[in-house]
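In the UniProt record's numbering, the protein residues as written are 1 to 375.
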């Protein structure tokens, strides 16, 4: 019986991409697979037909020959490359990726050989002054290091790992599932190809032991919460001679009693007396570099912001230093004695019926009158 056109078998156009071919084949194979249709000869024939079509069309050389000469170009009896129901190629290599989820199997090289150690994270708490100016600190980090007793091999001193008897040192085993042979990571040696018959007493065959590592960390000036400092090779030791991972030191800046940081700028609240706010004056305010004089003009209101340029933070990645913003908070006097109360009473009487001294209050009362008038 004449063979059907391979493109017709898969239900794709002649110019179909590799992804389209795979999708079409996957659909047909899942539908007609013998394991899903036990005893159904027609389904088995359709599965073999789809298998043959996909093997040819998924190979660039065979596909070119087929497109030019048809079935004769790939028929081994006529000098072609050959396809056949199962011939010409490693079955699991062609279909392993298509059926990996169908069987729950794995395809690839497994987990054997040297493996890089895991990265570690360490949270470093700093005072604001340390973060702004930079510092050097010593930290202790729990990590996995190579066992010194066995030099990381996991085998008892005087012995060495032997070839895994389950996979023969390959690191993978082949599982037969119906028509398919699926390659999986060896469950005994976990892909390494080696097994330890006489494990090291210090690391119990793991090749690594937990240890507290003491490290010196240089913190650059200007770091902020969330910034990371990478220490290359200071993470966990690798497995079977693999490279060590990295250690990431993550900065966390503690709350400061005076300053709040916002990027490269600093903010602080400066309490001033009622008299200084009304009459004006000069105050000393703190900065990270010491005290400076701040001139307060008369009539200063609560919330007024004064900017001290360059008194903020120089960014860790370069650029000009930020500013220090001083927000004024007028403080109401408390615990007045008799004479102080008399003076304030006299002062209050002197302001009565004269709204020019309280422009904000005057505007607020006018707005309130309009609001209630509209109601």
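Note that beta-carbon positions come from the ideal geometry of N, C-alpha and C, so glycine has one too.
{"query": "Straight-line gap, residue 20 to residue 66 (C-alpha atoms, nearest Å)", "result": "18 Å"}
{"query": "Closest by C-alpha distance to residue 384, when choosing among 168, 29, 153", "result": "Here the chain has residues from 1 to 375 only, and residue 384 is not among them."}
{"query": "Three or more C-beta pairs below 8 Å linking the stretch 164–174 and the stretch 127–134", "result": "no"}
{"query": "Three-way DSSP call (helix, strand, coil) for residue 259 in this model", "result": "coil"}
{"query": "Inter-residue Cα distance where the pair is residue 226 and residue 249", "result": "10 Å"}
{"query": "Cβ pair residue 345, residue 273 closer than 8 Å", "result": "no"}
{"query": "Residue range of the unbroken alpha helix (DSSP H) whose run includes residue 63", "result": "60–69"}
{"query": "The stretch 276–284 touching the stretch 242–258, judged by at least three CB pairs closer than 8 Å", "result": "no"}
{"query": "Length of the line joining the Cα atoms of residue 215 and residue 139", "result": "5 Å"}
{"query": "Runs of beta strand (DSSP E) lying entirely within the stretch 262–334, each at least 3 residues, in chain order", "result": "265–273, 281–287, 290–296, 305–308, 324–331"}
{"query": "CB contact flag (residue 222, residue 320, <8 Å)", "result": "no"}
{"query": "Reduced DSSP secondary structure (H/G/I, E/B, other) of residue 21", "result": "helix"}
{"query": "Continuous alpha helix (DSSP H) assignments of at least 4 residues falling wholly in the stretch 108–148", "result": "128–133"}
{"query": "Proximal residues to residue 117 (C-beta, below 6 Å), its chain only, five neighbours per side dropped", "result": "235, 236, 237, 238, 244, 245"}
{"query": "Residue 97 versus residue 29: straight-line alpha-carbon distance, rounded", "result": "No answer about residue 97 holds up, because its pLDDT of 44 lies below 50 and its placement is not dependable."}
{"query": "Contact under 8 Å by Cβ, residue 54 with residue 25", "result": "yes"}
{"query": "Residues near residue 291 in its chain [Cβ-Cβ closer than 8 Å; skip 5 each side]", "result": "284, 285"}
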